[in-house]
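> One structure, as structure tokens, below. Some questions next.
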Amino acid sequence: MRYDFVSIGDITTDAFIHIKDARVNCDIDDKNCLLCVRFGDKIPYESVTVVPAVGNSPNAAVSAHRLGLNAALASNLGDDRNGSDCLNALKHEGVSTEYVTVHEGKETNYHYVLRYEAERTILVKHHEYEYALPRFQEPPTWLYLSSLGENSLPFHDDIAAYVKESGTKLAFQPGTFQMKQGKEALKEIYEVSELFFCNKEEAGRILKTEASDIKALLEGMHDLGPKIVVITEGPDGANTYDGKEFWHMPMYPDPAPPIDRTGAGDAFASTFSACLGLSLSIPEALKWAPINSMSVVQHIGAQKGLLSREEIEEWLRKAPAEYEPVRF
Numbered sequence: 636m637r638y639d640f641v642s643i644g645d646i647t648t649d650a651f652i653h654i655k656d657a658r659v660n661c662d663i664d665d666k667n668c669l670l671c672v673r674f675g676d677k678i679p680y681e682s683v684t685v686v687p688a689v690g691n692s693p694n695a696a697v698s699a700h701r702l703g704l705n706a707a708l709a710s711n712l713g714d715d716r717n718g719s720d721c722l723n724a725l726k727h728e729g730v731s732t733e734y735v736t737v738h739e740g741k742e743t744n745y746h747y748v749l750r751y752e753a754e755r756t757i758l759v760k761h762h763e764y765e766y767a768l769p770r771f772q773e774p775p776t777w778l779y780l781s782s783l784g785e786n787s788l789p790f791h792d793d794i795a796a797y798v799k800e801s802g803t804k805l806a807f808q809p810g811t812f813q814m815k816q817g818k819e820a821l822k823e824i825y826e827v828s829e830l831f832f833c834n835k836e837e838a839g840r841i842l843k844t845e846a847s848d849i850k851a852l853l854e855g856m857h858d859l860g861p862k863i864v865v866i867t868e869g870p871d872g873a874n875t876y877d878g879k880e881f882w883h884m885p886m887y888p889d890p891a892p893p894i895d896r897t898g899a900g901d902a903f904a905s906t907f908s909a910c911l912g913l914s915l916s917i918p919e920a921l922k923w924a925p926i927n928s929m930s931v932v933q934h935i936g937a938q939k940g941l942l943s944r945e946e947i948e949e950w951l952r953k954a955p956a957e958y959e960p961v962r963f
């Protein structure tokens, strides 16, 4: 079987713990904010919502499948109850688990998400697995690479080599470890990427620059090799550059105050990638992607609000007149 979209990256279960008895302390410029609770005390919580089979790459696979692509996930699980729950959740979503490896005697990743107002603070623990590229019978049309563990650096070289030899297109949405490694360590991945995603602050860290001009950041990331660069700016929208044209897209207006912002970036990046997989243009992808982000933040967890193609098209029909991509 030839897959339209194979997502590569770690998988986890998220336990969302809703708290109210806390406060946020920030620097004078509203940066470096801290979530504060009473030390050494019993802190009440409102509710717990457990969501299996999430993470940047699983979220992307679910998003692509709901938009009509034949999608699979390449990831690693332990042979425990959490791993079984993740497999069942992926199958329920219609995402192929052909390339999911279950490791005997290993634990499955499990994260705790502290929900305070619409933001979240995540307590993470990544178990180490041996990473290996699946043996594809036919090259997928798209590979989508995102968050992996700290022992995965050699695996990136294998992915880059496969993309070069197979002609598969690569979308790269780096996770924390991948950004921490820096652009030199992942030079080969940047050079073979068809699509690249990050936010404005992450672009500055990757390029090791304090420049805030969005055109300079887009050009800087494009110089690393990706053919199409997408840099998001939260409520200020998103920007793309393909070596020829710069585009800016505003965010789709929220129909109600956001409930949980987890997965908004994943929804944007995966939807944009899926649009190109559906042979849509960059301006069309820019119009679709914010709608999925808008929908996701209206729900707890990164996947419940992901939309189908028909649902996105319905939101487009209701979009305000100013919801259009603009060259700059």
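Numbering follows this note's numbering, in which position 277 of the sequence shown is assigned residue number 912; successive positions increment by one, without gaps. The C-beta atom is built at its ideal place from N, Cα and C for all residues, glycine as well.
With L921 and W882 assumed to form a contact (beta carbons below 8 Å), what rounded beta-carbon distance in angstroms separates them?
6 Å
> Beta strand (DSSP E) containing I863: first to last residue?
863-867
> In whole angstroms, what is the alpha-carbon distance linking E742 and T906?
30 Å
> If you draw a straight line from the C-alpha of L702 to the C-alpha of S943, how long is it?
Their Cα atoms are separated by approximately 5 Å.
> Can you tell which of A650, P679, E765 has the C-alpha that lies nearest to the C-alpha of G713?
E765
> Got a sec, what are the start and stop residues for the beta strand (DSSP E) C671 sits in?
669-671
> I think I643 touches S692, with their Cβ atoms under 8 Å apart; what is that distance to the nearest whole Å?
6 Å
> Between A909, M929, A954, D645, which lies nearest to V759 when the distance is taken from Cα to Cα?
D645
> Drop a sphere of 10 angstroms on the beta-carbon of F807, count the other beta-carbons inside from all chains shown, and report buried for 16 or more, exposed for fewer.
buried
> Would you list the one or two residues that DSSP bridges to L702?
In the DSSP output, where bridge partners are listed per residue, L702 has none listed.
> Taking a contact to mean a Cβ-Cβ separation below 8 Å, would you say L820 touches L783 in this structure?
A small fix is needed here, since residue 820 is Ala in this sequence, not Leu. No. Outside cutoff.
> At what residue ranges does the stretch 824-897 contain a whole run of the alpha helix (DSSP H), taking only runs of 4 or more?
835-842, 849-858
> Got a sec, what are the start and stop residues for the alpha helix (DSSP H) V798 sits in?
Unbroken alpha helix (DSSP H) run through V798: 788-801.
> Applying the criterion that 16 or more other CB atoms from any shown protein chain within 10 Å of the CB defines a buried residue, is L669 buried or exposed?
Of the residues assessed, L669 falls on the exposed side of the cut-off, its CB having fewer than 16 other CB atoms within 10 angstroms.
> Need the endpoints of the beta strand (DSSP E) that H653 sits in, please.
647-653
> Along the chain, where does the alpha helix (DSSP H) that runs through L725 open and close?
716-728
> What first and last residue would you give for the alpha helix (DSSP H) that runs through F907?
899-912
> Given this structure, state the Cα-to-Cα distance separating V686 from W923, to the nearest angstrom.
25 Å
> Is it true that the CB of H791 sits closer than 8 Å to the CB of I824?
yes
> Is A657 helix, strand or coil by DSSP?
coil
> Can you tell me whether DSSP reads V713 as helix, strand or coil?
Note on identity: in this sequence residue 713 is Gly, with Val being the wrong assignment. Of the three classes helix, strand and coil, the one that applies to G713 here is strand, per DSSP.
> Flag R637 as yes when its Cβ comes closer than 7 Å to any non-hydrogen atom of the ligand ATP, and as no otherwise.
For the structure depicted, the ligand ATP is absent and the ligand set is empty, with no information on it obtainable.
> Is the beta carbon of A902 sitting closer than 8 Å to the one on S731?
no
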